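Read in the working numbering, the sequence shown has 223 at position 200, and its numbers run on one by one without any break.
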Amino acid sequence: MSKTMQTVRLTTAQALTRFLINQHVELDDGSELPLFAGVWAIFGHGNVAGIGEALYQVQDQLPTYRGHNEQSMALAAIAFAKARQRQQVMVATTSIGPGATNLVTAAGVAYVNRLPVLLVPGDVFASGQPDPVLQQSENFADGSSTVNDTLRPVSRYFHRITRPEQLIQALPRAMVALTDAALCGPATISICQDVQSLAFDYPAYMFEKRVWRLRRQGPDANELKQAVKTLLSAKQPVIVAGGGVRYSLAESELQAFAKRHKIPVIETQAGKSSMLANDPLNAGAVGVTGVDSANDLAANADVVLAVGTRLQDFISGSNTLFKGQVIQLNVQPMDAIKYRAQGLLSDARLGLQALSSHLAGYVAPVEWQQRATAGMSAWAQLCEGILPATDEQVMPSDAQVVAAVNASVDENAVVVAAAGSLPSELHKHWRAKQVGGYHLEYGYSCMGYEICGGVGVKLACPERDVVVMVGDGSYMMMNSDIATAVSMGLKLTIVVLDNRGFSCINRLQMATGGANFNNLLQDTYHKGLAQIDFAGHARSMGAQADHVANVGELKQALHSARQQEGVSVVVIDTDPLHCSPGGAYWEVEVPSVSEREEVTAKHQEWTAQRIAARGY
């Protein structure tokens, strides 16, 4: 006689939450944490009765936080996962309709950046009896589609739950997308609102404790042999440190590898702060937002060891920067073949260890080491001429503000930013004082990520000072999480750089021959320009806020912010036209035909640049 399977009668929503609280993760030191650190929720039509009630029952084990915008709360969850180096995950649940579609941009951020987040939007009635319900779209050609289908292209795993028992298979599959290094990204479990409240006799094993571990794939012997052979032949090697270094917790291995073999390291946005800024082998930021010292090494290296990077166009100079043989050390097979690379499919930590053990006493030639050192010295000297600002200086450059903030924060500070002019200036000039002190979302370059990202980082790293740097354009897109941070009692410092518009794109517009149009506020359609009091606006949400007149007042305000609890906002006006030197070729298509001579001339200029960079 077969043994009767034990079951537990739960609603679908209750089964979901019970499953989540029984998922754990084992860290490298052997300790365990809950895999899911909390849920961000805005309740509405489609998730309040089912999921809302289920979350209420487990709030002591799985805390629920309320956001003010579905996109921003999901972005906070994503920033949390990034700051936790993908070892813990958060959940975002929404209503159907606009609540669900507000998740799409955040899902795009997670998808592009390979970051885990569990999205649980409500959905229509599986029964179809009350259709169309409030907020339900109607596809006249497909009765099975809903707005949640917009999440399919930006989800590593998607499952619409139309029957309670579907959770039994769907949830473990979602866990794979959230925990596997190669597949990592957002998972969407879309649950029809009537199904959330249906009861089912779930197998008890579904709710047994499960411990997920960071899977480390070692390199294939043949791929390793080829990579070692290539590196041993290198006369001018360079290492590109990507986000995979941080997600595999391989910072120490990277530093040891570089030191042992005397190979300079250049950093992507995601990989920056894997090495400290003062490390003698840290040659700085690479790519379009990079510095001359790093880009010189990238362009002249005969072997490029790319560790944990997908080499997007801002890093690779639109696939023109690296002339030598690229070795792609990566867990993702599709990334490992990019840039005509020799693939070395492996976890970054194990891959670097294996390479080093086979390279034995290999060190980069002294002449190449000297070239790297000279380049870094030249860049440092250049910065000495552009970064200092007098205390009385008004309208400083973004770079000067970055330098002033960098000098004013504690050693354990994490800077958070995302879009506009700041990623370039931060990539060039921010000097991380501790590993992990740099948090940029630049895979999707999502305006509005900054403040909610700061909330997520602070939840992930409560022991660290979190400094958000945001332009006025991004601030206007998404700022309500100032109120979220205030209500949660989080200590954040937010520096708002007001250059009165979208200055980064304005400079690109001018560089391509375009007229000043629709970017800076003065160049937009208007009958009277709004005079935005950012400090007053922040104070209205409960923050301490000041609008400072110059760099000296900025330093004083930052000093005060360090002594205060809660959210501090400092606003400073900056020069919209100034940007730091450096950078690499970036492919931009300028109209080949125009009534404006400026555009025609720029088309010829950019075409010549493309031919010089690509050869065609």
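Idealized CB from N, CA, C, for every residue including glycine. Model, not experiment: these values are computed from the prediction.
- In the structure shown, the three-state DSSP call for residue 211 is strand.
- Residue 253: member of the alpha helix (DSSP H) spanning 244 to 255, first to last residue.
- Note on geometry: alpha-carbon atoms of residue 110 and residue 550 lie some 51 Å from one another.
- For residue 539, the number of other beta carbons within 10 angstroms of its own is below 16, and it is reported as exposed.
- The continuous alpha helix (DSSP H) containing residue 529 extends over residues 526 to 534.
- Judged by DSSP in its simplified three-state form, residue 191 adopts helix.
- Rounded to the nearest angstrom, the gap between the Cα atoms of residue 48 and residue 518 is 35 Å.
- Between the C-alpha atoms of residue 171 and residue 634 there is a straight-line separation of about 44 Å.
- Nearest to residue 589 by alpha-carbon distance, out of 575, 598 and 562, is 562.
- Between residue 455 and residue 320, the gap from beta carbon to beta carbon reaches 8 Å or more.
- Per the DSSP secondary-structure output, residue 146 pairs in a beta bridge with 215.
- Beyond the five residues adjoining it in sequence on each side, residue 346 comes within less than 7 Å, by CB distance, of 322 in the same chain, given in chain order.
- With a 10 Å radius around the Cβ and a threshold of 16 neighbouring Cβ atoms, residue 107 comes out buried.
- Contact annotation: residue 313 and residue 608 have beta-carbon atoms that are not nearer than 8 Å.
- A direct Cα-Cα distance of roughly 34 Å separates residue 616 from residue 361.
- Residue 235 sits in a strand when the DSSP states are folded into three classes.
- Runs of the beta strand (DSSP E) spanning 3 or more residues and lying entirely within the stretch 311 to 336 occur at 326 to 330, in chain order.
- The C-alpha of residue 100 lies about 13 Å from the C-alpha of residue 484.
- Under the three-pair Cβ rule at 8 Å, the stretch 247 to 254 does not count as touching the stretch 73 to 89.
- For residue 413, there is no enclosing beta strand (DSSP E), as DSSP marks it with neither H nor E.
- Around the beta carbon of residue 121, a 10 Å sphere encloses fewer than 16 other beta carbons of the protein chains shown; the residue is thus reported as exposed.
- Within the DSSP secondary-structure output, residue 596 pairs in a beta bridge with 521.
- Residue pairing for residue 380: DSSP places it in no beta bridge.
- Here the alpha carbons of residue 535 and residue 394 stand approximately 34 Å from one another.
- Under the 8 Å Cβ criterion, the stretch 133 to 144 does not count as touching the stretch 505 to 518, having fewer than three qualifying pairs.
- Check the Cα spacing between residue 190 and each of 352, 291 and 43: the tightest is with 43.
- Cβ-Cβ distances below 6 Å link residue 498 to 519 in the same chain, with the five nearest sequence neighbours on each side left out; the list follows chain order.
- One Cα belongs to residue 602, the other to residue 463, and the distance between them is close to 18 Å.
- Inter-residue distance for residue 334 and residue 370 is about 17 Å (C-alpha atoms, whole angstroms).
- Here the alpha carbon of residue 210 sits roughly 41 Å from the alpha carbon of residue 639.
- Counting only unbroken stretches of 4 or more residues, the alpha helix (DSSP H) elements lying wholly within the stretch 472 to 502 are 472 to 483 and 495 to 500, in sequence order.
- Measuring C-alpha to C-alpha distances from residue 492 to each of 595, 338 and 399 identifies 595 as the nearest.
- With a cutoff of 8 Å on beta-carbon distance, residue 532 and residue 542 are scored as near each other.
- Sequence-distant Cβ neighbours of residue 304 in its own chain, meaning closer than 6 Å and more than five residues away, are 281, 287 and 288.
- Excluding the 5 residues flanking it on each side, residue 575 has same chain C-beta neighbours closer than 7 Å at 414 and 415, in chain order.
- The Cβ-Cβ distance between residue 442 and residue 472 falls below 8 Å.
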